[in-house]
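Peer 1: If you count the sequence shown from 1, position 415 lands on 426 in our numbering, and the numbers rise without skipping.
Provided herewith is a single structure, encoded as structure tokens, for subsequent inquiry.
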Amino acid sequence: MSYTKRLSAASLILSICVGSASAAERIRVDVPARASSAMIRLVSPDGSISEHQYARAADAASIDIRGLLGAGAVDGAWNYEVSFGQSLSEATRQVAAVARAAGSSATLAGLPRQLDSVSGSFHVAAGQIVDPTAQEPKKIPTSKSSTSPNDQVIADDLIVQGAACIGLDCVNNESFGFDTLRLKENNLRIKFDDTSTGAFAATDWQLTANDSASGGLNRFSIEDITAATIPFTVAGSAPSNAFYLASSGKIGLRTSTPALDLQISTADSPGIRLEQTNASGFTAQTWDLAGNEANFFIRDITGGSKLPFRIRPGAPTSSIDIAPSGNVGIGTATPSAKLEVNGDAYIAGTLTQLSSRTSKTNFVAVAADGVLDQLARLPIWTWNYLRSSSGDRHIGPVAEDFYATFGFGTSARHLAPSDVAGVALAATQALQREVAVRDAKIEALEARLERLEKTMAGRASSSETSTSGH
Numbered sequence: 012m013s014y015t016k017r018l019s020a021a022s023l024i025l026s027i028c029v030g031s032a033s034a035a036e037r038i039r040v041d042v043p044a045r046a047s048s049a050m051i052r053l054v055s056p057d058g059s060i061s062e063h064q065y066a067r068a069a070d071a072a073s074i075d076i077r078g079l080l081g082a083g084a085v086d087g088a089w090n091y092e093v094s095f096g097q098s099l100s101e102a103t104r105q106v107a108a109v110a111r112a113a114g115s116s117a118t119l120a121g122l123p124r125q126l127d128s129v130s131g132s133f134h135v136a137a138g139q140i141v142d143p144t145a146q147e148p149k150k151i152p153t154s155k156s157s158t159s160p161n162d163q164v165i166a167d168d169l170i171v172q173g174a175a176c177i178g179l180d181c182v183n184n185e186s187f188g189f190d191t192l193r194l195k196e197n198n199l200r201i202k203f204d205d206t207s208t209g210a211f212a213a214t215d216w217q218l219t220a221n222d223s224a225s226g227g228l229n230r231f232s233i234e235d236i237t238a239a240t241i242p243f244t245v246a247g248s249a250p251s252n253a254f255y256l257a258s259s260g261k262i263g264l265r266t267s268t269p270a271l272d273l274q275i276s277t278a279d280s281p282g283i284r285l286e287q288t289n290a291s292g293f294t295a296q297t298w299d300l301a302g303n304e305a306n307f308f309i310r311d312i313t314g315g316s317k318l319p320f321r322i323r324p325g326a327p328t329s330s331i332d333i334a335p336s337g338n339v340g341i342g343t344a345t346p347s348a349k350l351e352v353n354g355d356a357y358i359a360g361t362l363t364q365l366s367s368r369t370s371k372t373n374f375v376a377v378a379a380d381g382v383l384d385q386l387a388r389l390p391i392w393t394w395n396y397l398r399s400s401s402g403d404r405h406i407g408p409v410a411e412d413f414y415a416t417f418g419f420g421t422s423a424r425h426l427a428p429s430d431v432a433g434v435a436l437a438a439t440q441a442l443q444r445e446v447a448v449r450d451a452k453i454e455a456l457e458a459r460l461e462r463l464e465k466t467m468a469g470r471a472s473s474s475e476t477s478t479s480g481h
């Protein structure tokens with residue numbers, strides 16, 4: 012895992028370039044060679060966050076802070092983080108796309124190392140950025156007299172049955188209160204310098220209290236000196252119980268009484284942000300998972316802060332229920348199909364069912380005439396559902412009668428719309444054939460009638476001619 016590097020002399024220099032009439036305050040960054048883009052995130056003293064993108068990573072080598080802050084910069088301590096993106100090869104991207112489509116979260120072989128971000132702080136006073144190049148000097152002890160002893164080396168255990176103060180600002184008759192050990196001076200550090208060798212663990216650690224640069228952070232940090240990383244930091248003025256590890260092992264964020272393994276408590280929309288940067292070459296994507304009195308939701312930050320998933324307070328149990336089989340129930344905890352809806356379903360569009368010949372087997376031609384005879388015996392009712400009002404009327408057969416008449420489907424309690432439509436189509440075909448037969452009979456009868464009428468007309472004409480001849 013790659014941690015954020017803070018104020019590393021090799022990676023970051025915050026400098027002030029002062030001109031005669033104007034000042035250009037800039038963050039100068041050593042941009043990694045593999046970086047293709049960059050982003051700086053600024054956190055103001057009031058906690059608000061702004062982001063500024065750089066399409067070319069090289070443009071982040073010298074960042075104009077004054078230009079980003081504008082003329083009305085808020086006084087106080089500002090934090091920033093500069094992160095870098097990189098591009099994946101097309102071959103790696105295709106492999107990653109296949110893995111993503113399969114839902115895999117395993118690390119892919121051949122991925123480039125994630126690019127480290129760099130972070131730090133600066134201070135604004137009276138609208139001006141405080142010169143960060145000024146370093147608070149380490150205090151120098153007063154010169155020892157010729158009779159003063161050198162550093163004391165005690166080759167045995169040291170037991171102090173009282174309080175101890177270490178530092179150049181400790182005074183005679185120091186008032187300790189309840190302090191057992193006090194460090195008192197500027198630039199306070201406690202370093203764990205492990206001299207182990209061979210296969211023994213030898214990482215050096217340091218407890219750091221506050222930055223030494225002018226305008227730096229008020230912070231308490233655990234630093235990995237060997238790896239030059241800062242895996243843990245508490246900023247000055249963090250609220251009480253910002254992080255609380257209870258004796259039960261439960262973690263509270265802004266609460267000292269976590270009820271579950273992790274509890275986040277805040278006065279407005281507690282949430283979790285899931286941010287995938289492009290530091291490893293993948294497309295950046297950010298999601299928020301949060302909830303409040305209006306809804307529990309997932310927000311697609313990258314996609315325009317849309318809310319593709321929402322649950323409203325008061326939603327009943329099993330509003331959406333996924334069974335071990337993978338079946339999904341809406342309003343039911345025991346779905347018997349891939350999707351079962353316990354209630355009405357409204358579709359503002361087209362309902363399309365799979366009906367391809369390639370998805371079916373065991374084809375048997377239907378005797379449509381028989382279907383028509385069966386349909387004639389099928390009771391058709393008007394009715395309403397038990398859960399509906401009496402005014403919500405419907406028309407059609409019940410599943411028991413349909414199943415008993417035709418035997419289609421897997422249950423006598425359910426009807427498949429495709430089966431009802433199939434019966435209707437078969438009956439329509441049978442009616443069409445009957446109509447065609449009757450049309451043929453009618454056409455034949457009409458032709459016969461026409462011949463008879465012609466014959467009768469001929470006989471009548473002959474009779475009139477014979478009578479006129481006498």
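Note that the Cβ used here is the ideal one computed from N, Cα and C, for glycine as well.
Helix, strand or coil for F231 per DSSP?
Peer 2: strand
Peer 1: Compute the distance between the beta-carbons of A441 and D380, then report whether it is under 8 angstroms.
Peer 2: yes
Peer 1: Going by alpha carbons, who is nearest to S223 out of P281, P148, R67 and R462?
Peer 2: P148
Peer 1: What does DSSP give as the partner residue(s) for I333 in the beta ladder?
Peer 2: Partner(s): V339.
Peer 1: DSSP three-state label for S248, please.
Peer 2: DSSP places S248 in coil when its eight states are reduced to three.
Peer 1: Which two residues bound the contiguous alpha helix (DSSP H) that contains Q296?
Peer 2: Not the alpha helix (DSSP H): Q296 falls in the beta strand (DSSP E), residues Q296 to G302.
Peer 1: Look at the alpha carbon of R230 and the alpha carbon of T328, and state the distance between them as a whole number of angstroms.
Peer 2: 46 angstroms
Peer 1: Does DSSP put G381 in a helix, in a strand, or in coil?
Peer 2: helix
Peer 1: Measuring straight from C-alpha to C-alpha, what distance separates S259 and L218?
Peer 2: 27 angstroms
Peer 1: Keeping to the same chain, check which residues put their C-beta closer than 6 angstroms to that of T288; ignore five residues upstream and five downstream.
Peer 2: The answer, listed in chain order, is S94 and A295.
Peer 1: Between which two residues does the beta strand (DSSP E) containing R52 stretch?
Peer 2: S48 to V54
Peer 1: Can you list, in chain order, the residues of its chain whose CB lies under 6 angstroms from that of I177, leaving out five sequence neighbours each side?
Peer 2: Only L194 meet the Cβ criterion.
Peer 1: Quick check on this structure: which residue in A468, T191, A44 and S472 has the alpha carbon closest to the alpha carbon of I170?
Peer 2: T191
Peer 1: Suppose you measure from the CA of E457 to the CA of E445; what does that come to, to the nearest Å?
Peer 2: 18 angstroms
Peer 1: Helix or strand or just coil, what does DSSP make of T315?
Peer 2: As written in the sequence, residue 315 is Gly, which differs from the Thr given in the question. DSSP places G315 in coil when its eight states are reduced to three.
Peer 1: Spatial neighbours of D57 within its chain, please: C-beta separation below 7 angstroms, excluding the five flanking residues on both sides.
Peer 2: V85
Peer 1: Cβ-heavy atom distance between S128 and the ligand PLP below 7 angstroms?
Peer 2: Ligands in the displayed structure: none, and consequently the ligand PLP is not present.
Peer 1: K150 and L179 - do their beta-carbons sit closer together than 8 angstroms?
Peer 2: yes
Peer 1: Compare the C-alpha of R398 against each of I262, D355 and D162 and name the closest.
Peer 2: D355
Peer 1: How big is the Cα-Cα spacing for D235 and S336?
Peer 2: Distance between the alpha carbons of D235 and S336 is about 48 angstroms.
Peer 1: Near R45, what residues of its chain come up, given a Cβ to Cβ distance below 6 angstroms and the 5 sequence neighbours on each side ignored?
Peer 2: Q97
Peer 1: What is the rounded straight-line gap between the Cα of L99 and the Cα of S291?
Peer 2: 8 angstroms
Peer 1: Report the rounded CA-to-CA distance for I312 versus E92, giving the unit in angstroms.
Peer 2: Roughly 19 angstroms separates the two Cα atoms.
Peer 1: Under 8 angstroms by Cβ, that's how I've got F417 and L426 pegged, so tell me the actual separation to the nearest angstrom.
Peer 2: With a Cβ gap of about 10 angstroms, F417 and L426 do not count as contacting.
Peer 1: Given this structure, state the Cα-to-Cα distance separating V431 from L318, to the nearest angstrom.
Peer 2: Taking the straight line joining both Cα atoms gives about 38 angstroms.
Peer 1: State the beta-bridge partners of V93 as determined by DSSP.
Peer 2: I51 and V129
Peer 1: Between which residues of its own chain and G407 is the CB-CB distance below 6 angstroms, once the five residues before and five after are set aside?
Peer 2: Counting only Cβ-Cβ distances below 6 angstroms, and skipping sequence neighbours, we find nothing.
Peer 1: Rounded to whole angstroms, what is the Cα-Cα separation between A415 and D384?
Peer 2: 14 angstroms
Peer 1: Nearest-angstrom Cα distance between Q146 and A107?
Peer 2: 46 angstroms
Peer 1: Would DSSP call V431 helix, strand or coil?
Peer 2: helix
Peer 1: With DSSP as the reference, please indicate the residues paired to F243 in a beta bridge.
Peer 2: I233
Peer 1: Quick check: what's the CA-CA separation for A71 versus D299?
Peer 2: 27 angstroms
Peer 1: Express the C-alpha separation of E464 and A471 in angstroms, rounding to a whole number.
Peer 2: 11 angstroms
Peer 1: Can you give me the C-alpha to C-alpha distance between I341 and R321, rounded to a whole angstrom?
Peer 2: 15 angstroms
Peer 1: Return the CA-CA distance between G410 and A423, expressed in angstroms with no decimal places.
Peer 2: Residue 410 is actually Ala in this sequence, not Gly. Rounded to whole angstroms, A410 to A423 spans 6 angstroms at the Cα level.
Peer 1: Alpha carbon to alpha carbon, what distance is there between P428 and T363?
Peer 2: 11 angstroms
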